[in-house]
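The structure appears below as structure tokens.
Residue numbers (this note's numbering): 1 to 787.
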């Protein structure tokens, strides 16, 4: 059996794949269709899209699904499956139409039977008129049956052709007239009456024209018989289409037995797998087309184990499968002993669960897991780890896996599942444990006094529930190289500090646990000037799991001194007192201004720093030393006594004075501060400014005014001043004073001596008032000079 297929467009977006099945045995059209409907879908339809596939295979004429009377009054309108006929490829002359057959006169040749024709024609005039024409020809008496047979030269008997031409008639008119001659209707008004005798045929026609006239045509023929014109192809009333072997169509009697072509849409059903376990699965599928003719469904399961089932239901329960294995299932509907297109599905059985899952070890950021290989197959293992806030997943290829990037001090639930096909996971196995806490950060000893140890730290990253610290007095730092407290604190009676080089264990008897909110400790009543080893570790798992310990040295300090400073111009003497034991003292002097630092050790309770800079701020620090132990530093600061600037000078214009001076030689380039005071007595104005430079510009001054400047060094106290004075340039203006003189002595005011005396008195008056504090100048002029 040959199978042809073609995807045909059923709608704008859906395609159906059709298959074609030529049947080589003979059957009527109805028998062939019944077989197609039983074992396939229908007799085939033919369209412009599939015709090239259908005609390429059969080498014989075949029934197809088109029948003339299938769709009622519209012949050849629809295929047997209901589709409209949109494509036709009929053999020329087919289908044969059902038309009324022509009657052909068959006449015998008799001389005594002339052919006469009487024609009466009513002319189109308002009035009625009759015209009669009689044509009689003795030569027509010899017309025989051969007159109406086809002539090879002109298709018509020459005499009949001339006669029709004379009568202005066509062959069709004659044929119609001869057909009427065979009828014998009853003559009534305005009807047509035919009368026939053995020897003479008379045609009489009466009809109403636009002019109400009548036309009478009479024809008499002797010895003629009318028979239907023979057809080249016979019209078939109940016809079905046959696809000819070369592709064209022809109708045939539907009861004729011929091969036929069936078609069926390729079956695409739904198939599902459900209730999959490690060894079982339930397959269900949709019903095949023409279900009543499907004898059964053949279920084929292939994988590491092959199984076949014949099932009449639409489901099959499959057992004894291997865990984590890929299986392919095909379901074949069996119809008329023929396998339809199978429904296919593939599935994996679930992997088995892992066994003996344990946490082998943990660090602060990792956990090492181990388990036994499960039964069946798997591709890899999925290890999920989740804490209180979020979860993540990790892929592992073996039965041992280290999970990293965990949060310290946090409880995790680890879930391990075998996985196949990347997404199909087996039964999970779970185990929980904590990561170790991370180390505390920035562990530091505070400013302890002679009997108290204080320490602070920052919380570790991650989580923790508490802290454990241990404090032990030691003789040297080597005894505090490494601290270790066993992870399982609850099972340890004694907590130890271990030397990392020789693993010597030193017992610690003073270990305490504090709440996780505490980040400091304070231990009192410790011996003076002693060294202690302090170890601190974060705890988790209800304070039963310890992180790594952090170790520092802590001390009780020697007592600090009571310090006094006695400064001079270039020296600083430090003296101190102490109530307690000491080995020596560390004395240090520093100055940011002099950029200098000196440090000395002494067993005395005093020290004099020499060759210092005058007027500089110094800080003296004294630390008590007792072996490697140091007291808290005692600091005091003071200035050396200041020296005055070596010189000062000024230059001025109308409103500004440029002032500069020399730094004290005793200060030797140290950064010192100067105070500049300036005033004017006349205007009673005093101002002050501070600077570390050796020059300054003073603005917004009064023109023509004398200013006095004092430059001093500020170093706790003020030095002696360096002084100078200067005048701003005057802004000159001229004032005219007119003196009025009156005297009892005639011409006394006009005497020169009188004028000079008056001028000198006036000048002394101005001098007493302005002195040299402001610019002024007095001149005497005669009134005539002024004018």
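Note that CB positions come from ideal geometry on N, CA and C, so glycine has one too.
Test item: CB-CB of residue i and residue j under 8 Å
i	j	result
residue 20	residue 271	no
residue 431	residue 353	no
residue 356	residue 372	yes
residue 716	residue 768	no
residue 483	residue 551	yes
residue 720	residue 644	yes
residue 269	residue 285	yes
residue 540	residue 437	yes
residue 338	residue 36	no
residue 466	residue 407	no
residue 726	residue 657	yes
residue 365	residue 405	yes
residue 382	residue 417	yes
residue 612	residue 572	yes
residue 665	residue 695	no
residue 614	residue 667	yes
residue 690	residue 718	no
residue 623	residue 531	no
Same chain, Cβ closer than 7 Å to residue i, five either side skipped, listed in chain order
i	result
residue 477	553
residue 772	706
residue 683	702 and 705
residue 456	444, 446, 519 and 520
residue 671	593 and 692
residue 399	370, 371, 372 and 373
Whole-Å CB distance - residue i paired with residue j, under 8 Å assumed
i	j	result
residue 534	residue 469	7 Å
residue 564	residue 576	7 Å
residue 435	residue 410	6 Å
residue 708	residue 679	6 Å
residue 419	residue 380	6 Å
residue 287	residue 330	That pair is no contact at about 16 Å.
residue 634	residue 560	5 Å
Assigned exposure category for residue i - 16 Cβ within 10 Å defines buried
i	result
residue 25	exposed
residue 63	buried
residue 542	exposed
residue 56	exposed
residue 275	exposed
residue 585	buried
residue 606	exposed
residue 225	exposed
residue 87	exposed
residue 598	exposed
residue 735	exposed
Same chain only: Cβ atoms within 6 Å of residue i, ignoring 5 sequence neighbours per side
i	result
residue 75	68
residue 89	248 and 249
residue 600	587
residue 321	279 and 349
residue 775	704 and 730
residue 191	Residue placement at residue 191 is poorly supported in this model, since its pLDDT is 35, which falls under 50; the coordinates are not used for a value here.
residue 332	298, 339 and 342
residue 239	68 and 251
residue 712	675, 718, 719 and 721
Cα-Cα separation, residue i to residue j
i	j	result
residue 34	residue 255	14 Å
residue 669	residue 692	11 Å
residue 252	residue 48	22 Å
residue 700	residue 731	14 Å
residue 374	residue 319	19 Å
residue 617	residue 648	24 Å
residue 763	residue 755	12 Å
residue 326	residue 345	11 Å
residue 84	residue 43	14 Å
residue 395	residue 361	19 Å
residue 429	residue 369	12 Å
residue 294	residue 351	37 Å
residue 777	residue 662	36 Å
residue 315	residue 296	12 Å
residue 32	residue 310	29 Å
residue 324	residue 61	56 Å
residue 241	residue 292	29 Å
residue 305	residue 66	50 Å
Cut-off 8 Å between Cβ atoms - residues of its own chain near residue i, not counting five sequence neighbours on either side
i	result
residue 402	366, 367, 368 and 369
residue 697	656, 657, 658 and 659
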